[in-house]
Amino acid sequence: LFFYFHQVWNLRGRRVVAPQDGVRVDVFITTYNEDVDLLRQTLRAAVAMRYPHRTFVLDDGRRPAVRRLAEELGCEYVTRSDNAHAKAGNWNNAFRQTDAELIATFDADHVPRPEFLERTLGFFRDSRVALVQVPQQYHNLDSVQHSVSWKEKRMYGEQDAFFNLMMPGKDHWNSAFFCGTGAVLRRAALEPHGGILTGTITEDLHTSVVLHSEGWKSVYLNELLVTGLAPVDLKSFEVQRLR
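Reading the sequence shown from the start, the letters are residues 18 to 260 in the working numbering.
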């Protein structure tokens, strides 16, 4: 309880800074077995984001349909011969084949808004910022973790306390962390490690702890810039939480 109050003692707000011109940005969309139509929505939104960037589809399922979709939408297709280290290994495989200064990353079901890059890249004017994270919000309000009253026009999501209270509080102490999607990362901070660390099952949090220990900074921007799909049943919710 003491540590909980310590981390929410001061909820930090962030003022958005305009991004610098000419920064090279890659966008990674990781996928394994998600529905191609679902992936199409995410890729179209990623390509349409304002600020010049390249969009990569990282397909660990090695599916011809995904390759064709990437070609259709003007994305670059990346795959590999195995599935070592799952999502983190997939991400690191693309990391080794690209060279942009900054990398924005999204899960296959997380759809970014057009202004995502414009609102996040400016924080990297500080050369010690390694990552910028935004909240995870969900557009399927019939999920097991939403409580919605249409009559009162009120909605509560099970993760709201974390993203609206705990993460702004952690940001005050420079301890906001990478949540695996809806984030931008600095290549220079990850290069000594070959990308995202793969020593634990929670690679995103593990990576954040190591970067903080090395003196890097993190930024949490509490602004709705991407929405995804929450678990639709108790079984998938349990699988996610048990990790």
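We put the beta carbon where it would ideally sit given N, CA and C, even for glycine.
- Residue pairing by DSSP places A121 opposite V44, V201 in a beta bridge.
- Our two residues, V40 and D116, have alpha carbons roughly 12 Å apart in a direct line.
- In this structure, the straight-line span from the alpha carbon of A101 to that of Q154 is close to 29 Å.
- For T244, the secondary structure class from DSSP, reduced to helix, strand or coil, is strand.
- Counting other Cβ atoms within 10 Å of its Cβ, W190 stays below 16 and is therefore classed as exposed.
- By the criterion of at least three beta-carbon pairs nearer than 8 Å, the region 195-209 is in contact with the region 228-246.
- Taking the Cα positions, I120 is about 14 Å away from N107.
- The DSSP-derived three-state label of S166 is strand.
- Taking the C-beta atoms as reference points, D221 is found nearer than 8 Å to F194.
- By the CB criterion at 8 Å, M66 and F133 fall inside the cutoff.
- A residue is called buried when at least 16 other Cβ atoms come within 10 angstroms of its Cβ; T217 does not meet this threshold and is exposed.
- Contact between L148 and L202 holds: their C-beta atoms lie close to 5 Å from each other, under 8 Å.
- Per DSSP, the continuous beta strand (DSSP E) segment holding D76 begins and ends at 71-76.
- Nearest C-alpha to V42 among Q114, Y237, Y68: Y68.
- Residue state for V236 is assigned as strand, using DSSP reduced to three classes.
- When the five nearest sequence neighbours on each side are left out, the beta carbons in the same chain lying within less than 6 Å of the beta carbon of P36 are those of L138, G139, in order along the chain.
- Counting the other CB atoms within 10 Å of its CB gives Y237 a total of 16 or more, which places it among the buried residues.
- Of the residues N27, S192, V64, the one whose Cα lies closest to the Cα of H229 is S192.
- Separation of A125 and I46 (C-alpha to C-alpha, rounded to the nearest whole angstrom) is 6 Å.
- Judged by their CB atoms, R258 and E118 are not nearer to each other than the 8 Å cut-off.
- Shown here, Q37 sits in coil according to DSSP, grouped into three states, outside any helix or strand.
- Straight-line measurement puts the Cα of P81 at about 42 Å from the Cα of R31.
- The Cβ-Cβ distance between N109 and G186 does not fall below 8 Å.
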